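Colleague: Please see the structure below; I have some questions.
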Amino acid sequence: MPASDPVLVTRDGGVLRLTLNRPARLNALDAAMLATLRSTLEHARDDAAIRAILLTGAGRGFCAGQDLGARDPATRSAPVDLGDSLDQAYNPVLRLIRDLPKPVLCAVNGVAAGAGANLALACDIVLAARSARFIQAFARIGLIPDAGGTWTLVRRLGEARAKALAMTAMPLDADTAANWGLIWKAVDDTDLPEAAASLAAELAQGPTHALGLAKQAMHAAATNDFSTQLDLERDLQRQAGRGADYAEGVRAFLEKRAPRFTGA
Ligand code: LHQ
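Here this note's numbering is used: the first residue of the sequence shown is 1, the next is one more, and so on.
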């Protein structure tokens, strides 16, 4: 894997680590990065040996959103169709992260702006370095939040905070993001690599099938009423209860030892 690859892809046991790798541009997203993210996440979805994904960035930033140098709207004769760019390059990646039946962890190592912020927020668990900032930078360049931002911000923060962040493009520090429930946790910068690696390793040893079903149930909760959600929990728990990991989990409990989950 050449160090110049736009996304570094490495395996450590059941963890697939994806490192956005254009540090001189704060890992701003271009077509090659998005294509690599897409194909790698498709592979991760289909490979049962991959049981957790860890997304992070190289250098001092996590991701500064769309590469604004990749295309100059003013010097092109045809109008820019950003909808096509979202449809073809961004949204498939966001849907993959959201639908992947295994945990996706994001370690936000520095600034996360525009689509970069919302890429992080699409992940299941977000850990951030205390110095990281989340910036809905879109309004600064005359755009609306995309990459799922309007959906995520309103659900996690409510309209008041979501609208203020979108309309002011104010940077949100990692501690406030955690206090507001936008992310899981802020940790000291120097602790982030170890905290992220150990959480990813722990997730990769978990009952992967059940974790995927839990993710599915929680996503459905956003639109289900209580009774429908009870029915869904029944159906998914039925599936989990047939799994080898449930049998192993109960056996390990009774034998007073740590479970050895296989992900099945
Ligand atoms: C960059 C970028 C960048 C290129 C820093 N591009 N080079 C849009 C269109 C299409 C479809 C899909 O959806 C989207 C969604 C979007 O993501 S729109 C939002 C795009 N992102 C932004 O507007 C953020 C732009 N960047 C910034 O505001 C700042 O760079 C932040 C606040 C992220 C960081 O500020 P600083 O820490 O002061 O760093 P810097 O500004 O000095 O950046 C370092 C270098 O990275 C610099 O290059 P240079 O050669 O001068 O050292 C920047 O030009 C470059 N860079 N973001 N998005």
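For each residue, glycine too, the CB sits at the ideal point set by N, CA and C.
These numbers come from a predicted model, not from an experiment.
Is residue 165 near the ligand LHQ, judged by its Cβ being under 8 angstroms from some heavy atom?
Modeller: As a working note, residue 165 is residue 165 in the sequence shown. No - the ligand LHQ has no heavy atom lying nearer than 8 angstroms to the Cβ of residue 165.
Colleague: Here's the rule: buried if 16 or more other CB atoms are within 10 angstroms of the residue's CB, otherwise exposed. What is residue 2?
Modeller: Start at 1 with the first residue of the sequence shown, and residue 2 comes out as number 2. Exposed, because fewer than 16 other Cβ atoms sit within 10 Å of the Cβ of residue 2.
Colleague: Please report how far the alpha carbon of residue 170 lies from the alpha carbon of residue 43, in whole angstroms.
Modeller: Along the sequence shown, one-based indexing puts residue 170 at 170. Along the sequence shown, one-based indexing puts residue 43 at 43. C-alpha separation (whole angstroms): 36 angstroms.
Colleague: Would you be able to state if there are at least three C-beta pairs under 8 angstroms between the region 111-120 and the region 54-65?
Modeller: yes
Colleague: So residue 66 and residue 28 are in contact, right, with Cβ under 8 angstroms, and what is the actual spacing, rounded?
Modeller: In the sequence shown, counting from the first residue as 1, residue 66 sits at position 66. In the sequence shown, counting from the first residue as 1, residue 28 sits at position 28. So it is a contact: roughly 7 angstroms between Cβ atoms.
Colleague: Would you check if the distance between the CB atom of residue 15 and the CB atom of residue 54 is smaller than 9 angstroms?
Modeller: Residue 15 sits at position 15 when you count from the first residue of the sequence shown. Residue 54 sits at position 54 when you count from the first residue of the sequence shown. Closer than 9 angstroms, so yes.
Colleague: In the DSSP assignment, the beta strand (DSSP E) including residue 185 goes from what residue to what residue?
Modeller: The residue given as residue 185 occupies position 185 in the sequence shown. Unbroken beta strand (DSSP E) run through residue 185: 185-187.
Colleague: Whose C-beta lies closer than 6 angstroms to the C-beta of residue 353 among residues of the same chain, with five residues either side of it excluded?
Modeller: Residue numbering for the chain in the displayed model covers 1 to 264; residue 353 lies beyond these limits and cannot be assessed.
Colleague: What is the residue span of the beta strand (DSSP E) that residue 223 lies within?
Modeller: For this step, residue 223 is matched to residue 223 along the sequence shown. Annotation for residue 223: no beta strand (DSSP E) segment contains it, and DSSP assigns it neither H nor E.
Colleague: Skipping 5 residues on each side, what residues in its chain have a beta carbon closer than 8 angstroms to that of residue 174?
Modeller: For the purposes of this step, residue 174 is taken as the residue at position 174 of the sequence shown. Excluding sequence neighbours, residue 174 sits near 108, 128, 129, 130, 131, 132, 133, 134, 183, 186.
Colleague: The ligand LHQ heavy atoms versus the CB of residue 111: any closer than 8 angstroms?
Modeller: As a first step, residue 111 must be located in the sequence shown, where it is residue number 111. Indeed, a heavy atom of the ligand LHQ lies less than 8 angstroms from the Cβ.
Colleague: Could you check if residue 85 belongs to the surroundings of the ligand LHQ, using beta carbon to heavy atom distance under 8 angstroms?
Modeller: Here residue 85 is taken as the residue at index 85 of the sequence shown, counted from 1. It does: the Cβ of residue 85 is within 8 angstroms (strictly closer) of some heavy atom of the ligand LHQ.
Colleague: Per DSSP, residue 105 forms a beta bridge with which residues?
Modeller: Counted from its first residue, the sequence shown places residue 105 at position 105. Beta-bridge pairing links residue 105 to 54, 125.
Colleague: Please list, in chain order, all residues of the same chain as residue 113 whose beta carbon is under 6 angstroms from its beta carbon, the five residues on each side excluded.
Modeller: Taking the first residue of the sequence shown as position 1, residue 113 is located at position 113. Here the set comprises 64, 65, 135, 137.
Colleague: Spatial neighbours of residue 24 within its chain, please: CB distance less than 8 angstroms, with the 5 preceding and 5 following residues excluded, ordered by chain position.
Modeller: Taking the sequence shown and counting its residues from 1, the one referred to as residue 24 is at position 24. Once the five neighbours on either side are set aside, the close Cβ partners of residue 24 are 59.
Colleague: Classify residue 124 as buried or exposed, calling it buried when 16 or more other Cβ atoms lie within 10 Å of its own Cβ.
Modeller: Your numbering for residue 124 matches position 124 in the sequence shown. By the neighbour-count definition (other C-beta atoms within 10 Å, threshold 16), residue 124 is a buried residue.
Colleague: Is residue 56 near residue 18, with beta carbons less than 9 angstroms apart?
Modeller: Looking up residue 56 in the sequence shown gives position 56. Looking up residue 18 in the sequence shown gives position 18. Yes. Within cutoff.
Colleague: Between residue 150 and the rest of its own chain, which residues show a CB-CB distance below 8 angstroms, the 5 nearest in sequence each way excluded?
Modeller: One-based indexing of the sequence shown puts residue 150 at position 150. The answer, listed in chain order, is 144, 162, 166.
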